[in-house]
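When the sequence shown is numbered by our numbering, its final residue is 660 and no position is left out of the sequence of numbers. Notes for the one structure printed next.
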Amino acid sequence: MGMSSANAQMAKTEITKPGDASLPSSKEELEKLSTFEKGTYKYSVEDFFKKPKASNFQLSPDGKFLSYQEKDVSGKNHVYVKNTKTGEVVLSIKEKEELIREYSWINNERLVYSMDKGGNENYHIYATNLDGSNAIDLTPYDGVKAGILKTLKEQKDYLIISMNKDNPQVNEPYKVNVVTGQLEKLHTNDDVSIPIVGYDFDKDGNLKGFHRIVNGLENHYYYKSNGSKTYEHFNNANWDEIFNVLSFNYATENPDDAYILTNLDSDKIRVVLYDFKEKKILKEIYSNDTYDATILSLSRKRNYEIDYVGFNGEKVEVLPVSNTFKKYYQKLKKEFGDQQFYLIDRTEAEDKYLILVTSDKIQGKYFQYDVKQDKVTFLFDLLPQLKEEDMAGMLPITFKSRDGLTIHGYITLPKEALNGKKVPLIVNPHGGPQSVRDSWSFIKDDQLFASRGYATLHVNFRISGGYGKEFMRAGFKQIGRKVMDDIEDGVQYVIEQGWIDKDRMAIYGASHGGYATLMGLVKTPDLYACGVDYVGVSNVETILASFPAHWKPYLKMFKETWYDLDNPKEAKISRSVSPIYHVDKIKKPLFVVQGANDIRVTIKEADQIVTALRAKNFQVPYMVKYNEGHGFGREENRIELYKAMMGFFAQHLKK
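Next comes the structure, spelled out in structure tokens:
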């Protein structure tokens, strides 16, 4: 995707920057934009977007240690490990120039973590001892993208990872020793024309099954049943259908039993117990009439019995199954009431749980639940500076689209709106767009906007995930068209509720949301007062042409959801929904934001819309960060972005 220059190739003494380096607005211009936000507010942009003093808490498997990331004065987030008995703390992983993207425990002695370069998504996986010694790069290969496929609790020094080392287009699984770095390839992804795109390993690290993409649009599953030497072609699914192993069932004598997520014979995804030997569903574990059911938790300690099932509806809902978990759940429900609580970690003995409590008004509070003592202890509040009573509520909404579909979404309303005042609205379409949805949670953007008197609307338009495959399919080849209609119908709905000042509405989003921002300004030029396009697509033709190698197997699927340029009729439609060809319709102010190393939506997407608009003397503030990819991960960049954004909104939405 022409992004290799992001690795700072030297041309004489000059570093070549991705994109057209003459286009971005100067620091002074962007700082000036920030000054349009006048007045004093109880909370600053920093209060919302500073990274927490500590975050990412995790328990060691034996529960003797608690790890977390802690921020130093320069904003770096290092990983520390605390001995829960003695209170002694050691620095385990030092964050240097690159962000620690994620970390986790492998066993009681070692941690793994991943980093890329400036947001280029070529992740390397590293392992280290708790005290920082014997730190090694487990995947020391340039231009290779690595990921963790499975941790092996039964083999504590091993991990199964994926890499596209031998062929950039396909991932292959490797077993890696996290102490020595020794690698063993477990399976060869040998046919790029029918690539393997998903591997299913059991708890002992045996490869039991895998998915191949055939003809670019079919998902063929291959399975090796117990005692068999070969992987047999097991079943076929359409590319947009689900037949995924959640976990093999270790509570039975039959090694071919597994818990599967499937919608092959239903609209909604459901959890079933499946027998691969007999090729049949043994029983349905859980389903829901309105939403995809995707949550299942098993207890390894209690012979893999089911603890709970659940789904993401208006909120995430968990239904306790085992007697043991019912007891825990009652205790925690009593403790936390209506707030959402997630069991995010537990010890191997399952005697200590780490709980994250959150809601629409709480970013997150960590607690520990000690089972033996039946006691809940508070550990840490991620954003103590934000008082719950000052935050805005996020209300689930449901409305009918103009062609009769039921659409779900959320509106976050500032206090003024609840007191009968009509307020400005920021419409925030989600990324993806397929299979992704917005959920009830604490959203920093919404809370910052509400603190300035703006409401925020989230619409789970057709093509969003979570509402069944028919709802998702209703949005195929409708991106920029009926998907936009759904967003507009949501806007109309919230105006009708009496909350919104229809003359002061903005649209802002990232990725597909950035594209929807541009399309909103093109398709309904009088609806919005302004827009913010954050890493958004501006041209369907160039986004297809810029696919990175490891996305090539998914090209046909992209053509099914978006548009197939080889089909003359669809090529014509794709032009009609590519904002770049309709810049003459954009009349309202636009702010464009881009990470230079973005491989998903390359800088070309932002550069071309900025160039085209400026060519007709249209002022476009343009923020580019050369150490970021698909969205900003660095604290200082986020703060700068939101300050500029709040200035931009103040300029165009305030009376």
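Ideal placement from N, C-alpha and C gives every residue a C-beta, glycine not left out.
Exercise for review: Give me the Cα-Cα distance between V211 and A132, rounded to the nearest whole angstrom.
Suggested key: The displayed chain sequence assigns Asn, not Val, to residue 211. N211 and A132: Cα-Cα distance of roughly 23 Å.
Exercise for review: Would you check if there are 3 or more beta carbon pairs closer than 8 Å linking the region 279-296 to the region 249-265?
Suggested key: Counting C-beta pairs with one atom in each stretch, the region 279-296 and the region 249-265 have three or more that are closer than 8 Å, which means they touch.
Exercise for review: Along the beta strand (DSSP E) that carries F54, what are the first and last residues, could you check?
Suggested key: Careful: F54 lies outside any beta strand (DSSP E), inside the alpha helix (DSSP H) at 50-54.
**Study point:** Segments assigned alpha helix (DSSP H), at least 4 residues, entirely inside the region 502-542
**Key:** For the region 502-542, whole alpha helix (DSSP H) runs of length 4 or above, ordered along the chain, are 517-528.
Review point. Thinking just about the alpha-carbon of each residue, which of L387, H587, S406 is nearest to the one in D52?
Key: L387
Exercise for review: Count the other CB atoms, across all protein chains shown, that sit within 10 Å of the CB of Q74; report buried if there are 16 or more and exposed otherwise.
Suggested key: buried
Review point. Which stretch, first to last residue, makes up the beta strand (DSSP E) that contains G600?
Key: 595-600
Point to revise | Proximity of R467 and L384 at Cβ, strictly below 8 Å | key: No; because the gap between Cβ atoms is not below 8 Å, this pair is not in contact.
Check your understanding: Between D538, N125, L462, S271, which lies nearest to I688 when the distance is taken from Cα to Cα?
Key -> Examination of residue 688 is not possible in this model, given that the chain is present from 6 through 660 alone.
Check your understanding: Quick one: Cα of E421 to Cα of L400, how far?
Key -> 15 Å
**Study point:** Exposure label - S27; buried when at least 16 CB within 10 Å
**Key:** exposed
Point to revise | Cβ pair F330, V362 closer than 8 Å | key: no
**Study point:** Candidates K474, L532, A460: closest to Q502 by CA position
**Key:** Closest option to Q502, Cα to Cα, is A460.
Point to revise | Option nearest V149 by Cα separation, candidates H129, F653, T403 | key: H129
Practice item. Quick one: which unbroken beta strand (DSSP E) runs of 3-plus residues sit fully inside the region 134-160? Chain order, please. Key: 151-156
Check your understanding: If you draw a straight line from the C-alpha of D207 to the C-alpha of Y227, how long is it?
Key -> Within the model, the alpha-carbon separation for D207 versus Y227 is close to 15 Å.
Review point. Can you name the residues that DSSP bridges to N243?
Key: According to DSSP, which records beta bridges pairwise, N243 is partnered with E223.
Exercise for review: Using three-state DSSP, classify V381 as helix, strand or coil.
Suggested key: Three-state DSSP puts V381 in a strand.
Point to revise | the region 529-548 in contact with the region 143-158 per 3-pair CB rule at 8 Å | key: no
Exercise for review: Following the continuous beta strand (DSSP E) through G337, name the residue where it begins and the one where it ends.
Suggested key: Looking at the sequence shown, residue 337 is not Gly but Leu. No beta strand (DSSP E) holds L337; the alpha helix (DSSP H) holding it covers 328-341.
Check your understanding: Touching or not, the region 567-577 and the region 590-609, by the rule of three or more beta carbon pairs under 8 Å?
Key -> By the C-beta criterion, the region 567-577 is judged not to be in contact with the region 590-609, since fewer than 3 inter-stretch pairs fall below 8 Å.
Practice item. Answer yes or no: do E610 and T566 have a C-beta to C-beta separation smaller than 8 Å? Key: No; because the gap between Cβ atoms is not below 8 Å, this pair is not in contact.
Check your understanding: What's the C-alpha gap between Q599 and D196?
Key -> Q599 and D196 have their C-alpha atoms roughly 36 Å apart.
Check your understanding: Taking the continuous alpha helix (DSSP H) assigned at P553, which residues delimit it?
Key -> Segment: none, P553 is in no alpha helix (DSSP H) and carries neither H nor E.
Review point. For Y647, which of helix, strand or coil comes out of DSSP?
Key: The three-state reading of DSSP puts Y647 in helix, counting H, G and I together.
**Study point:** First and last residue of the uninterrupted alpha helix (DSSP H) at Q439
**Key:** Premise fails: Q439 is in no alpha helix (DSSP H) and is neither H nor E.
Check your understanding: The alpha helix (DSSP H) with D450 in it runs from where to where?
Key -> 449-456
Practice item. Pull up the distance between the alpha-carbon of Q378 and that of Y333, whole angstroms please. Key: Near 12 Å, if we compare the C-alpha coordinates of Y333 and Q378.
Review point. Excluding sequence positions up to five away, which residues of its chain have a Cβ less than 6 Å from the Cβ of V95?
Key: Same-chain partners within the cutoff: V86, D136.
Check your understanding: So what's I492 in DSSP terms, helix, strand or just coil?
Key -> helix
Check your understanding: Where do the ends of the alpha helix (DSSP H) carrying S666 lie?
Key -> The structure shown has nothing for residue 666, since the chain only spans 6 to 660.
Check your understanding: Between the C-alpha atoms of S39 and P626, what's the straight-line distance to the nearest angstrom?
Key -> 11 Å
Check your understanding: For E19, which three-state DSSP category applies?
Key -> Per-residue confidence for E19 stands at a pLDDT of 49, beneath the threshold of 50, marking its modelled position as unreliable; no derived number is given.
Check your understanding: Among I614, Y631, K630, V629, which has the Cα closest to the Cα of F623?
Key -> I614
Point to revise | Q14 versus Q497: straight-line alpha-carbon distance, rounded | key: Below a pLDDT of 50, predicted positions are generally treated as unreliable, and Q14, at 39, falls in that range; the measurement from the model is reported next regardless. Near 50 Å, if we compare the C-alpha coordinates of Q497 and Q14.
Review point. Nearest CA to the CA of L359: which residue from L658, S31, G68, A59?
Key: G68
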